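Engineer: Letter by letter, the sequence shown follows residues 266 to 653 of the numbering used here.
Beta carbons are placed, not taken as given, at the ideal position from N, Cα and C, and that holds for glycine.
All of these numbers come straight from a predicted model, not from anything done at the bench.
Dropping the structure in here first, questions after.
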Amino acid sequence: MRNIHCLNNISPYGTDLLTDSYALTDDIDSADGILVRSAAMHDMQFSPKLEAIARAGAGVNNIPLDRCAEEGIVVFNTPGANANAVKELVLASLLLGSRDIIGGIDWCRENASDPNIAKSVEKAKKQFAGREIQGKKLGVIGLGAIGGMVARAALDLGMQVVGYDPGLRIERAMSLPSKLTYVTDLMQIARTCDYITIHVPAIPPTIGMINAEFCESMKQGSVFLNFSRDTLVDLSAMAQATKEGRVAKYITDFATPETMTMENVIVLPHLGASTAEAEDNCAMMAVRQIMDYLDNGNIVNSVNYPALSMGPVPAEGGRLAVLHKNVPNTIADISAAISGAGVSIITLNNQTRGEVAYTLVDVDKEGATAAADAVAALEGAYRVRVVK
């Protein structure tokens, strides 16, 4: 029996997928796997029994990824599971940024006691006039799951769409709409777009990428939407741009002390993925991934180890899952250790990711434990387990 601990409330659509070989536990120290949403884990000490953490969402800022890698704990996320929820909120925010809907609503509330409000509104409404998004140019920074969906929806609404993504993979590029204009200069987005939306992870190369130069180069009266992470934007530079009116509206899903004092800002309380459907999808994806890893050793959507899948464990064989340092001759050392234990290798696959690597080895079932012990003695092995 494998134990799973939920650090946050996880949708039952996910936990109900756990098979009879799993049990939910309140004792985190007895857990083989942890399911988490937003709980902070950086100060936590992990039990040697813990093998995997699955984040029911895309962002993993709340998890100590490097420490987990060194302790042989695979961390998963669920990219794309909440993409539609974020896309829909971005589209709503495009309209909030182009029409003074909020100002109009506030006026109606403030004048609710006016017996002639129906007549008064005809004089007042001109102050809330906006513009249409059809025909306007939208810049999409980051063309992953969410950015790609936003781009397609904007094209369907009659917008011109310009995309930028320095990490764009070939397979993702092939799936993008043919009407999307792709540029390799981020500043071209700033200079030419009426609306800009950003959809990239908060990692060292992207933190602060919307800097003073970018803000100063934006078109007069443009709108910037941030539904990714607050740290992607230099808030002091954005505050200056909104104060000057160069940026007509900064719309963000992240309430911070800085954003709450800015002019011409619409701040939402991190609602991007806050739909029942997104929470269900993330939970189901997280549970399936953590079970596939614990049951078969397969890694999909890990953020600290490479992806590697070999299907179900063979019925007549055994499988070793080896988390280790990415150093020269490791594969040869693993093979020699297994052979030295008198065990035959049936299939061996290896993938690397920066300083870490992952190796799956199918071996004779009878010798799996001896082979695992031999590999675990190698320098650089973080964790070795017999998958069964």
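Taking 8 Å as the cut-off, does the segment 421 to 440 touch the segment 401 to 410 (at least 3 CB pairs, one atom from each stretch)?
Structural biologist: Yes, the segment 401 to 410 is in contact with the segment 421 to 440.
Engineer: For Glu436, count neighbouring C-beta atoms within 10 Å of its own C-beta (all shown protein chains included) and say buried if the count is 16 or more, exposed if not.
Structural biologist: The residue you call residue 436 lines up with position 171 of the sequence shown. Burial call: exposed.
Engineer: Taking the beta strand (DSSP E) that Tyr460 belongs to, which residues open and close that run?
Structural biologist: Here the question's residue 460 lines up with position 195 in the sequence shown. From DSSP, the beta strand (DSSP E) with Tyr460 extends over 460 to 463.
Engineer: Cα separation between Thr617 and Val626?
Structural biologist: As a first step, residue 617 is located in the sequence shown; it is residue number 352 there, counting from the start. As a first step, residue 626 is located in the sequence shown; it is residue number 361 there, counting from the start. If you take the alpha carbons of Thr617 and Val626, they lie about 15 Å apart.
Engineer: Do Leu403 and Tyr460 have their CB atoms nearer than 7 Å?
Structural biologist: Counting from 1 along the sequence shown, the entry for residue 403 is found at position 138. Counting from 1 along the sequence shown, the entry for residue 460 is found at position 195. A contact, by the Cβ cut-off of 7 Å.
Engineer: Taking C-alpha atoms, which residue in Asn566, Asn569, Pro579 lies nearest to Asp560?
Structural biologist: One-based indexing of the sequence shown puts residue 560 at position 295. Among Asn566, Asn569, Pro579, the Cα nearest to that of Asp560 belongs to Pro579.
Engineer: I need the boundaries of the beta strand (DSSP E) containing Phe489, first residue and last residue.
Structural biologist: Counting from 1 along the sequence shown, the entry for residue 489 is found at position 224. Per DSSP, Phe489 belongs to the beta strand (DSSP E) from 487 to 491.
Engineer: Can we say the segment 315 to 323 touches the segment 334 to 352, given the rule of at least three CB pairs closer than 8 Å?
Structural biologist: The segment 315 to 323, when compared against the segment 334 to 352, does touch it at the 8 Å Cβ threshold.
Engineer: Going by C-alpha distance, which of Gly537, Ile596, Arg650 is nearest Asn563?
Structural biologist: Residue mapping note: residue 563 aligns to position 298 of the sequence shown, counting from 1. Cα-wise, what sits closest to Asn563 is Arg650.
Engineer: In chain order, what residues of the same chain have a beta carbon less than 6 Å from the beta carbon of Gln485, not counting five sequence neighbours either side?
Structural biologist: Translated into the one-based positions of the sequence shown, residue 485 becomes position 220. These residues qualify, in order along the chain: Arg511.
Engineer: Between the Cα of Tyr623 and those of Ile468, Asp421, Ile596, Glu644, spot the shortest distance and give me the residue it belongs to.
Structural biologist: Working through the sequence shown from its first residue, we reach residue 623 at position 358. Cα-wise, what sits closest to Tyr623 is Ile596.
Engineer: So for Ile275, helix, strand or coil by DSSP?
Structural biologist: Residue mapping note: residue 275 aligns to position 10 of the sequence shown, counting from 1. Of the three classes helix, strand and coil, the one that applies to Ile275 here is coil, per DSSP.
Engineer: Specify the secondary structure class of Ser567 as computed by DSSP and reduced to three states.
Structural biologist: As a working mapping, residue 567 is identified with position 302 in the sequence shown. Note: Ser567 maps to strand in three-state DSSP.
Engineer: Based on Cα-Cα distance, which residue from Lys314, Gln310, Tyr278 lies nearest to Arg267?
Structural biologist: Sequence index remark: in the sequence shown, residue 267 carries index 2 (1-based). Comparing Cα positions, the closest option is Lys314.
Engineer: Per DSSP, which one or two residues make a beta bridge with Gln616?
Structural biologist: Against the sequence shown, residue 616 aligns to sequence position 351. Looking at the DSSP assignment, Gln616 forms a beta bridge with Tyr623.
Engineer: On the criterion of 16 or more Cβ atoms from any shown chain inside 10 Å, does Pro380 qualify as buried, or is it exposed?
Structural biologist: Mapped onto the sequence shown, residue 380 falls at position 115. Burial call: exposed.
Engineer: Exposed or buried, which one is His589 when buried takes at least 16 other CB atoms within 10 Å?
Structural biologist: Within the sequence shown, residue 589 is the residue found at index 324, counting from 1. With 16 or more Cβ atoms within 10 Å of its Cβ, His589 is classed as buried.
Engineer: Per DSSP, what kind of secondary structure is Lys314 in: helix, strand or coil?
Structural biologist: In the sequence shown, residue 314 corresponds to position 49, counting from 1. Correct three-state label for Lys314: coil.
Engineer: State the start and end residues of the unbroken beta strand (DSSP E) segment that holds Val340.
Structural biologist: Reading the sequence shown from its first residue, position 75 is the one you call residue 340. Residues 339 to 341.
Engineer: Have a look at the DSSP bridge pairing and note the partners of Asp629.
Structural biologist: Position 364 of the sequence shown holds residue 629. Paired residue(s): Gly582.
Engineer: Using only CA atoms, which one of Ile328, Ile454, Arg417, Leu422 lies nearest to Ser443?
Structural biologist: Locating residue 443 in the sequence shown gives position 178, counting from the first residue. Among Ile328, Ile454, Arg417, Leu422, the Cα nearest to that of Ser443 is on Arg417.
Engineer: Comparing C-alpha positions only, which one of Ala541, Ala520, Arg434 sits nearest to Val532?
Structural biologist: As a first step, residue 532 must be located in the sequence shown, where it is residue number 267. Considering only alpha carbons, the answer is Ala520.
Engineer: Taking the C-alpha atoms as reference points, what is the distance between Pro277 and Asn566?
Structural biologist: Mapped onto the sequence shown, residue 277 falls at position 12. Mapped onto the sequence shown, residue 566 falls at position 301. Their Cα atoms are separated by approximately 21 Å.
Engineer: Classify Glu387: buried if its beta carbon has 16 or more other beta carbons within 10 angstroms, exposed otherwise.
Structural biologist: Counting from one through the sequence shown, the residue named residue 387 turns up at place 122. Exposed: under 16 other Cβ atoms inside 10 Å.
Engineer: First and last residue of the beta strand (DSSP E) that includes Ile255?
Structural biologist: Residue numbering for the chain in the displayed model covers 266 to 653; residue 255 lies beyond these limits and cannot be assessed.
Engineer: What's the call for Cys373, buried or exposed, on a 16-neighbour Cβ count within 10 Å?
Structural biologist: Indexing the sequence shown from 1 puts residue 373 at position 108. Classification for Cys373: exposed.
Engineer: For Gln399, is the classification buried or exposed, using 16 other Cβ atoms within 10 angstroms of its Cβ as the cut-off for buried?
Structural biologist: For the purposes of this step, residue 399 is identified with residue 134 of the sequence shown, where counting begins at 1. It is exposed - the Cβ of Gln399 has fewer than 16 other Cβ atoms within 10 Å.
Engineer: Considering Gln453, what are the terminal residues of the alpha helix (DSSP H) in which it resides?
Structural biologist: The sequence position of residue 453 within the sequence shown is 188, counting from 1. Element bounds for Gln453: 451 to 457.
Engineer: In whole angstroms, what is the alpha-carbon distance linking Ala438 and Ile269?
Structural biologist: As a working mapping, residue 438 is identified with position 173 in the sequence shown. As a working mapping, residue 269 is identified with position 4 in the sequence shown. The straight-line gap from Cα to Cα measures roughly 37 Å.
Engineer: Between which two residues does the alpha helix (DSSP H) holding Leu359 run?
Structural biologist: Indexing the sequence shown from 1 puts residue 359 at position 94. Unbroken alpha helix (DSSP H) run through Leu359: 348 to 363.
Engineer: Sorted by chain position, which residues of the same chain lie with C-beta nearer than 6 Å to Ser358's C-beta, five sequence neighbours on each side aside?
Structural biologist: As a first step, residue 358 is located in the sequence shown; it is residue number 93 there, counting from the start. Excluding sequence neighbours, Ser358 sits near Leu490, Ile516.
Engineer: Do you know offhand how far Asn615's Cα is from Asn327's?
Structural biologist: For the purposes of this step, residue 615 is taken as the residue at position 350 of the sequence shown. For the purposes of this step, residue 327 is taken as the residue at position 62 of the sequence shown. Going from the Cα of Asn615 to the Cα of Asn327 covers about 28 Å.
Engineer: Quick check: Ile603 and Ile610, are their CB atoms within less than 7 Å of each other?
Structural biologist: For the purposes of this step, residue 603 is taken as residue 338 along the sequence shown, with counting starting at 1. For the purposes of this step, residue 610 is taken as residue 345 along the sequence shown, with counting starting at 1. In contact: Ile603 and Ile610 (Cβ atoms closer than 7 Å).
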